[in-house]
Amino acid sequence: MSLAVAIGFVGITWCAFKMAFGTEQVRKAAVDIMYKFLLFTFVMSIYPSVTNGILDLSHTIGMHAGGGYATLNARFYNFRKTQEDKVDFARNQLQRLLASVSNPEYINGKNAVITEDLIKQIVSRSTFSKEDEERMMAELMQKYNVMPSE
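First residue of the sequence shown: 451, per this note's numbering; consecutive thereafter.
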(Lines of atoms letter the chains of each structure in order from A; the text may use other names.)
(Lines give C-alpha, C1' and ligand atoms only; values in the text may rest on other atoms or scores of the structure.)
Protein backbone atom coordinates (compact mmCIF):
# COMPACT_ATOMS: atom_id res chain seq x y z
CA MET A 451 0.00 0.00 0.00
CA SER A 452 1.48 3.30 -1.01
CA LEU A 453 1.68 6.37 1.18
CA ALA A 454 -0.78 8.23 -1.07
CA VAL A 455 -3.45 5.55 -0.65
CA ALA A 456 -2.87 5.46 3.11
CA ILE A 457 -3.25 9.25 3.43
CA GLY A 458 -6.42 9.20 1.31
CA PHE A 459 -7.89 6.37 3.40
CA VAL A 460 -7.13 8.21 6.66
CA GLY A 461 -8.79 11.37 5.28
CA ILE A 462 -11.98 9.55 4.30
CA THR A 463 -12.05 7.68 7.61
CA TRP A 464 -11.61 10.94 9.55
CA CYS A 465 -14.46 12.51 7.60
CA ALA A 466 -16.65 9.44 8.31
CA PHE A 467 -15.99 9.75 12.07
CA LYS A 468 -16.92 13.43 12.00
CA MET A 469 -20.18 12.62 10.21
CA ALA A 470 -20.91 9.71 12.55
CA PHE A 471 -20.57 11.87 15.64
CA GLY A 472 -22.62 14.66 14.09
CA THR A 473 -19.94 17.32 13.96
CA GLU A 474 -20.17 17.66 10.18
CA GLN A 475 -22.99 17.63 7.64
CA VAL A 476 -23.07 15.17 4.75
CA ARG A 477 -23.09 17.95 2.16
CA LYS A 478 -20.04 19.64 3.71
CA ALA A 479 -18.28 16.28 4.01
CA ALA A 480 -18.84 15.48 0.32
CA VAL A 481 -17.54 18.90 -0.76
CA ASP A 482 -14.60 18.59 1.66
CA ILE A 483 -13.63 15.15 0.30
CA MET A 484 -13.91 16.41 -3.28
CA TYR A 485 -11.71 19.45 -2.59
CA LYS A 486 -9.16 17.33 -0.73
CA PHE A 487 -9.14 14.84 -3.62
CA LEU A 488 -8.53 17.60 -6.16
CA LEU A 489 -5.81 19.17 -3.98
CA PHE A 490 -4.20 15.77 -3.47
CA THR A 491 -4.29 15.04 -7.24
CA PHE A 492 -2.72 18.42 -8.01
CA VAL A 493 0.05 17.93 -5.44
CA MET A 494 0.82 14.41 -6.70
CA SER A 495 0.89 15.61 -10.33
CA ILE A 496 3.48 18.32 -9.63
CA TYR A 497 5.52 16.20 -7.17
CA PRO A 498 7.87 14.65 -9.81
CA SER A 499 8.58 18.05 -11.37
CA VAL A 500 9.35 19.62 -8.01
CA THR A 501 11.62 16.77 -6.88
CA ASN A 502 13.48 16.71 -10.22
CA GLY A 503 13.95 20.48 -10.03
CA ILE A 504 15.37 20.22 -6.51
CA LEU A 505 17.63 17.36 -7.61
CA ASP A 506 18.89 19.38 -10.58
CA LEU A 507 19.52 22.43 -8.40
CA SER A 508 21.39 20.44 -5.74
CA HIS A 509 23.42 18.64 -8.40
CA THR A 510 24.42 21.95 -10.01
CA ILE A 511 25.32 23.52 -6.66
CA GLY A 512 27.31 20.43 -5.66
CA MET A 513 29.21 20.36 -8.96
CA HIS A 514 30.32 23.95 -8.68
CA ALA A 515 31.06 23.89 -4.96
CA GLY A 516 34.75 24.13 -4.18
CA GLY A 517 35.85 24.47 -7.80
CA GLY A 518 35.63 20.73 -8.47
CA TYR A 519 33.79 21.19 -11.75
CA ALA A 520 36.49 23.40 -13.26
CA THR A 521 39.25 21.12 -11.98
CA LEU A 522 37.67 18.03 -13.49
CA ASN A 523 37.08 19.78 -16.80
CA ALA A 524 40.70 20.91 -16.93
CA ARG A 525 42.04 17.47 -16.06
CA PHE A 526 39.84 15.65 -18.55
CA TYR A 527 40.77 18.18 -21.24
CA ASN A 528 44.47 17.62 -20.52
CA PHE A 529 43.97 13.85 -20.55
CA ARG A 530 42.14 13.99 -23.87
CA LYS A 531 44.79 16.25 -25.38
CA THR A 532 47.56 13.90 -24.21
CA GLN A 533 45.79 10.89 -25.73
CA GLU A 534 45.21 12.72 -29.02
CA ASP A 535 48.89 13.68 -29.14
CA LYS A 536 49.90 10.06 -28.55
CA VAL A 537 47.60 8.85 -31.32
CA ASP A 538 48.92 11.49 -33.72
CA PHE A 539 52.51 10.57 -32.86
CA ALA A 540 51.81 6.86 -33.42
CA ARG A 541 50.07 7.60 -36.72
CA ASN A 542 53.02 9.68 -37.91
CA GLN A 543 55.47 6.97 -36.88
CA LEU A 544 53.46 4.34 -38.74
CA GLN A 545 53.39 6.51 -41.87
CA ARG A 546 57.16 7.01 -41.60
CA LEU A 547 57.62 3.26 -41.19
CA LEU A 548 55.49 2.48 -44.21
CA ALA A 549 57.30 5.12 -46.23
CA SER A 550 60.69 3.71 -45.24
CA VAL A 551 59.86 0.23 -46.52
CA SER A 552 58.33 1.37 -49.77
CA ASN A 553 59.79 0.70 -53.16
CA PRO A 554 62.16 3.45 -54.29
CA GLU A 555 60.35 3.67 -57.63
CA TYR A 556 57.21 5.07 -55.98
CA ILE A 557 57.00 8.70 -54.92
CA ASN A 558 56.49 9.82 -51.29
CA GLY A 559 56.34 6.29 -49.90
CA LYS A 560 53.03 5.41 -51.50
CA ASN A 561 52.33 1.79 -52.41
CA ALA A 562 54.67 0.47 -49.75
CA VAL A 563 55.88 -3.10 -49.91
CA ILE A 564 54.59 -4.63 -46.73
CA THR A 565 55.94 -8.01 -45.75
CA GLU A 566 54.78 -10.54 -43.23
CA ASP A 567 57.78 -9.73 -41.01
CA LEU A 568 56.85 -6.05 -40.92
CA ILE A 569 53.27 -6.89 -39.97
CA LYS A 570 54.57 -9.20 -37.22
CA GLN A 571 56.69 -6.38 -35.82
CA ILE A 572 53.79 -3.94 -35.83
CA VAL A 573 51.38 -6.43 -34.28
CA SER A 574 53.81 -7.62 -31.59
CA ARG A 575 54.10 -4.06 -30.29
CA SER A 576 50.39 -3.30 -30.28
CA THR A 577 48.67 -6.35 -28.76
CA PHE A 578 48.48 -7.85 -25.30
CA SER A 579 47.48 -11.45 -25.88
CA LYS A 580 48.28 -14.17 -28.37
CA GLU A 581 44.66 -14.30 -29.57
CA ASP A 582 44.64 -10.56 -30.29
CA GLU A 583 47.96 -10.88 -32.08
CA GLU A 584 46.68 -13.70 -34.31
CA ARG A 585 43.43 -11.86 -35.06
CA MET A 586 45.15 -8.57 -35.89
CA MET A 587 47.80 -10.38 -37.94
CA ALA A 588 45.10 -12.04 -40.06
CA GLU A 589 43.22 -8.74 -40.51
CA LEU A 590 46.31 -6.80 -41.61
CA MET A 591 47.53 -9.53 -43.92
CA GLN A 592 44.14 -9.64 -45.59
CA LYS A 593 43.87 -5.84 -45.74
CA TYR A 594 47.28 -5.37 -47.38
CA ASN A 595 47.09 -8.56 -49.51
CA VAL A 596 50.19 -10.11 -47.97
CA MET A 597 50.67 -13.79 -48.65
CA PRO A 598 51.88 -15.77 -45.62
CA SER A 599 55.31 -17.34 -45.94
CA GLU A 600 55.60 -21.05 -45.41
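Heads up, the beta-carbon is just placed ideally off N, CA and C, and yes, glycines get one too. Just so you know, these numbers come straight off a predicted model, no measurement behind them.
Anticipated Cβ contact below 8 Å, residue i with residue j, distance rounded
| i | j | result |
| --- | --- | --- |
| residue 572 | residue 596 | About 12 Å; that fails the 8 Å criterion. |
Distance between residue j and residue i (C-alpha atoms, nearest Å)
| i | j | result |
| --- | --- | --- |
| residue 591 | residue 542 | 21 Å |
| residue 535 | residue 454 | 57 Å |
| residue 569 | residue 587 | 7 Å |
| residue 489 | residue 528 | 53 Å |
| residue 511 | residue 539 | 40 Å |
| residue 526 | residue 487 | 51 Å |
| residue 417 | residue 517 | Missing from the structure shown is residue 417; the chain here goes from 451 to 600 and no further. |
| residue 531 | residue 515 | 26 Å |
| residue 508 | residue 578 | 44 Å |
Within 8 Å, strictly: CB atoms of residue i and residue j
| i | j | result |
| --- | --- | --- |
| residue 483 | residue 457 | no |
| residue 581 | residue 574 | no |
Start-to-end residues for the alpha helix (DSSP H) that takes in residue i
| i | result |
| --- | --- |
| residue 571 | 566-574 |
| residue 594 | Careful: residue 594 lies outside any alpha helix (DSSP H) and carries neither H nor E. |
| residue 508 | 476-514 |
| residue 459 | 453-470 |
key: Segment contact flag, the stretch 486-500 with the stretch 522-529, C-beta cutoff 8 Å, min 3 pairs   = The answer is no - the stretch 522-529 does not touch the stretch 486-500, with fewer than three Cβ pairs under 8 Å.
task = Count the CB pairs spanning the stretch 460-470 and the stretch 478-486 that are closer than 8 Å, and state whether there are at least three.
result = Verdict: yes, contact present.
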